[in-house]
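Only one structure is covered here, and it is reproduced in the block below.
Following this line, the structure appears as structure tokens:
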């Protein structure tokens, strides 16, 4: 498996790699053979095919192929090893968490021989394996929205035991390695309110989850959503009429006593539909009312005021849009964005001009002229991340 190969690479690879990231790794082939044998797992037979001859197991071969039995190379002091495991693995999956924990302990003892408290004690290991949870875990601290039952973070070494089984937490696994700065590892509470661009499985709030793996992102985006119109004659598509419920839902999902750090409002596109073209003067007024409702709610519920940000509606490609539904919409969006810019100055909120960001080569960023494709959604999320990283 990949986790096993990662541990072997950490121990044996001579290339000066910057980081090694192992998910649900096997560290001891002898132990894993007996564990697999006890569960009647096919993996026991696989090991026999490799290391057994005429019914005799070559234990020495398994021993020397096990990362746990190799010496930690001195040059690894300049690299980072991150180990991740799901607490139910070994029960619901094929590799008990002891493989990860014992390997972590081995490396910790090598890197920090004088720091006995860096070692996870046997009593803790037994408790985690037996209970399959850590009753004392801080349930507000999560990775990819999974509770972290146990975590050790040391210079050059970390171990994270999350709620889950034999799995890699995608997409967080691709963000966690220290490859670039296009991420935020803080624990933030973020509410996103948007329309179809936010509701898509690949929408900008989902892309934000990739870039902020330890944050709690509560997405209340609804396809067809507006700032303040009953779009398609549906009250549920009017944010003004639903904002209190959105806020109730958001705070109910937060741990008791927690506050939101950011509220991002990515709405306005549907307010510029052709059917509303003669009501455009109402939209900035509706947004102003929406902002006041949010502030009133926070005050009434004794909540800390988060940073509230309006995300500009993205461009429209007039050559692709449904002219009956959206004709002339791009011009209306430009006027609306100018109104939003003036609004935030007076209301002490913030405005993210993503229209200008996305406008260049926009024909490549949308298939229907309205909705952003996945790469454009990621571009938008990256822009929001940059804002967060510079406005903490």
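Numbering (my numbering), first residue to last: 354 to 745. Beta carbons are placed, not taken as given, at the ideal position from N, Cα and C, and that holds for glycine.
Could you name the residues of the same chain whose beta carbon sits closer than 6 angstroms to that of residue 356, not counting the 5 residues immediately before and after it, in chain order? Position 3 of the chain shown holds residue 356. Counting only Cβ-Cβ distances below 6 angstroms, and skipping sequence neighbours, we find 375, 376, 377 and 378.
Mind the definition here: the segment 458-473 touches the segment 522-541 only if three or more C-beta pairs lie below 8 angstroms; say whether that holds. Contact between the segment 458-473 and the segment 522-541 is absent, because fewer than three Cβ pairs lie under 8 angstroms.
What would DSSP say about residue 375, mapped onto helix, strand or coil? Here residue 375 refers to the residue found at position 22 of the chain shown. Looking at residue 375 - three-state DSSP - the assignment turns out to be strand.
What residues in its chain sit with their C-beta under 6 angstroms from that of residue 687, if we drop five residues either side in the sequence? Position 334 of the chain shown holds residue 687. None.
My output table needs one value for residue 434: the three-state DSSP class, helix, strand or coil. As a first step, residue 434 must be located in the chain shown, where it is residue number 81. In this structure, residue 434 counts as strand in the three-state DSSP scheme.
Whose C-alpha, out of 516, 623, 520 and 438, is nearest the C-alpha of residue 551? As a position in the chain shown, residue 551 is number 198, starting the count at 1. Per the C-alpha coordinates, the member of 516, 623, 520 and 438 positioned closest to residue 551 is 623.
Can you tell me which of 616, 428 and 745 puts its alpha carbon nearest to the alpha carbon of residue 364? For this step, residue 364 is matched to residue 11 along the chain shown. For residue 364, the nearest C-alpha among the options comes from 428.
If residue 678 sits next to residue 627, beta carbons under 8 angstroms apart, how far is it from one beta carbon to the other, in whole angstroms? As a first step, residue 678 is located in the chain shown; it is residue number 325 there, counting from the start. As a first step, residue 627 is located in the chain shown; it is residue number 274 there, counting from the start. The beta-carbon separation of residue 678 and residue 627, rounded to 6 angstroms, stays under the 8 angstroms limit for a contact.
Flag this pair as yes or no: are the beta carbons of residue 570 and residue 647 separated by less than 8 angstroms? Your numbering for residue 570 matches position 217 in the chain shown. Your numbering for residue 647 matches position 294 in the chain shown. The Cβ atoms of residue 570 and residue 647 lie no closer than 8 angstroms to each other.
Are residue 485 and residue 444 close, meaning C-beta to C-beta below 8 angstroms? One-based indexing of the chain shown puts residue 485 at position 132. One-based indexing of the chain shown puts residue 444 at position 91. The answer is yes: Cβ separation under 8 angstroms.
Check whether the segment 625-645 touches the segment 558-567, taking contact to mean three or more Cβ pairs, one atom from each stretch, closer than 8 angstroms. The segment 625-645 vs the segment 558-567: no contact.
Between the C-alpha atoms of residue 361 and residue 617, what's the straight-line distance to the nearest angstrom? Locating residue 361 in the chain shown gives position 8, where the first residue counts as 1. Locating residue 617 in the chain shown gives position 264, where the first residue counts as 1. Distance between the alpha carbons of residue 361 and residue 617 is about 44 angstroms.
Residue span of the alpha helix (DSSP H) that contains residue 642, given as start and end: Position 289 of the chain shown, counted from the first residue, corresponds to residue 642. Residues 635-653.
Distance, residue 354 Cα to residue 518 Cα: Within the chain shown, numbered from 1, the residue matching residue 518 stands at position 165. Within the chain shown, numbered from 1, the residue matching residue 354 stands at position 1. If you take the alpha carbons of residue 518 and residue 354, they lie about 15 angstroms apart.
How many angstroms separate the CA atom of residue 516 from the CA atom of residue 454? As a first step, residue 516 is located in the chain shown; it is residue number 163 there, counting from the start. As a first step, residue 454 is located in the chain shown; it is residue number 101 there, counting from the start. Taking the straight line joining both Cα atoms gives about 15 angstroms.
Considering just the uninterrupted stretch of the beta strand (DSSP E) at residue 628, what are its terminal residues? The count along the chain shown starts at 1 and reaches residue 628 at position 275. From DSSP, residue 628 is part of no beta strand (DSSP E); its letter is neither H nor E.
By DSSP, does residue 513 sit in helix, in strand, or in coil? To locate residue 513, count along the chain shown from 1; it is residue 160. It is a strand residue.
The beta strand (DSSP E) with residue 572 in it runs from where to where? As a working mapping, residue 572 is identified with position 219 in the chain shown. That run of the beta strand (DSSP E) goes 569-572.
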